[in-house]
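Count the sequence shown with our numbering and you get residues 32 to 125, in order.
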Amino acid sequence: MSKKNLDTRQLTLLAGVPTLTLKELRKRAGHTQDEMALALGVGQDTVSRLEKRDDMLLSTLRHYVESIGGQLSLVVTLPGQPPVQIAHRDGKKD
32 MSKKNLDTRQ LTLLAGVPTL TLKELRKRAG HTQDEMALAL GVGQDTVSRL
82 EKRDDMLLST LRHYVESIGG QLSLVVTLPG QPPVQIAHRD GKKD
């Protein structure tokens with residue numbers, strides 16, 4: 032498969048997948064910051080700060096996503112290669 036075809040395929044895989052902030056994701060799941068704080072074992076102010084951060088640990092992001100009933104998946108795209116999903120150390124996909 033040519034690089035151009037691979038790039039087109041990668042874009043197609045992500046086409047239609049919306050891009051949301053954590054705040055938008057939380058609201059879409061129907062949760063308040065107070066509910067998230069309770070689920071995460073932190074204060075509401077911490078949830079507010081998390082939702083505004085540009086950088087955080089993957090474990091923090093995973094915990095946040097799982098707290099609203101979601102599952103975090105990480106996909107890597109390398110030049111000229113098809114996308115791959117990253118697996119946990121225990122072999123489970125992220």
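Don't be surprised by glycine CBs; every beta carbon is placed ideally from N, CA and C.
| query | result |
| --- | --- |
| Residue interval of the alpha helix (DSSP H) (run including GLN112) | From DSSP, GLN112 is part of no alpha helix (DSSP H); its letter is neither H nor E. |
| Spatial distance of THR52 from LEU69 (CA atoms) | 20 Å |
| Proximity below 8 Å, CB of LEU109 to CB of LEU92 | no |
| MET87 burial status per 10 Å Cβ neighbour count (16 or more: buried) | exposed |
| ASP85, enclosing alpha helix (DSSP H) - first and last residue | Counting along the chain, ASP85 falls outside any alpha helix (DSSP H), and DSSP gives it neither H nor E. |
| Pairwise C-alpha distance: VAL106 and THR63 | 28 Å |
| Under 8 Å between C-beta atoms of GLU82 and LYS54 | yes |
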